[in-house]
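Residue numbers (the numbering used here): 12 to 129. Glycine included, every Cβ here is placed at the ideal spot set by N, Cα and C. Data first, discussion second: the structure below is written as C-alpha cells.
What follows is the structure in C-alpha cells.
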C-alpha cells in the first residue's frame with residue numbers, strides 16, 4: 012500500500028474485521044475486488060506485501076477510527092421500534108467475534124486472570 016490514502020486504510024481495517032480469518036494480503040485482494048465491483052476502484056493494482064500494509068496502518072494510527080466510531084455509532088432502533096425493547100431495556104446481540112491481541116502494558120488492567128476467575 013505505497014502511500015495508501017486514508018479512506019483506503021479505513022476500508023482495509025473494516026475489511027479485516029469482516030474477513031478476520033484471512034491474512035493482510037488476501038483481505039487487500041478481496042477489498043479491491045469489491046471496490047472494483049462497485050465501480051469505486053478503477054486502477055489496476057498489485058496486492059501490496061504484508062509489510063507495506065503494516066506500514067500504512069502504522070502511519071494511519073487509531074485516531075481516525077475513533078472519530079469514525081464517535082460519528083456513526085448510534086442505536087438503530089428508536090424507542091418506538093417494535094421488538095427492539097423488552098420492559099424498557101434495549102435488546103442487543105453479540106455475534107461471537109473474537110480478536111487475539113498481544114499483551115501490552117496499555118492493555119493490562121488489574122483483574123482476575125482466567126485461571127483464577129470463577
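Is residue 101 helix, strand or coil by DSSP?
-> strand
Contact belief for residue 68 with residue 20 at Cβ below 8 Å, rounded distance in angstroms | For a cut-off of 8 Å, the C-beta gap from residue 68 to residue 20 is around 6 Å, short enough to register as a contact.
Classify residue 96 as helix, strand or coil using the three-state DSSP reduction.
-> strand
Do you know offhand how far residue 114's Cα is from residue 105's?
-> 24 Å
Helix or strand or just coil, what does DSSP make of residue 73?
-> coil
Residue 46 and residue 30 closer than 7 Å at C-beta | no
Residue 43: buried (16+ other C-beta within 10 angstroms of its C-beta) or exposed?
-> buried
The alpha helix (DSSP H) with residue 30 in it runs from where to where?
-> Unbroken run through residue 30: none, as it is neither H nor E.
Compute the distance between the beta-carbons of residue 81 and residue 88, then report whether it is under 7 Å.
-> No, these two residues do not count as a Cβ contact at 7 Å.
So, helix, strand or coil for residue 21, using DSSP?
-> Looking at residue 21 - three-state DSSP - the assignment turns out to be helix.
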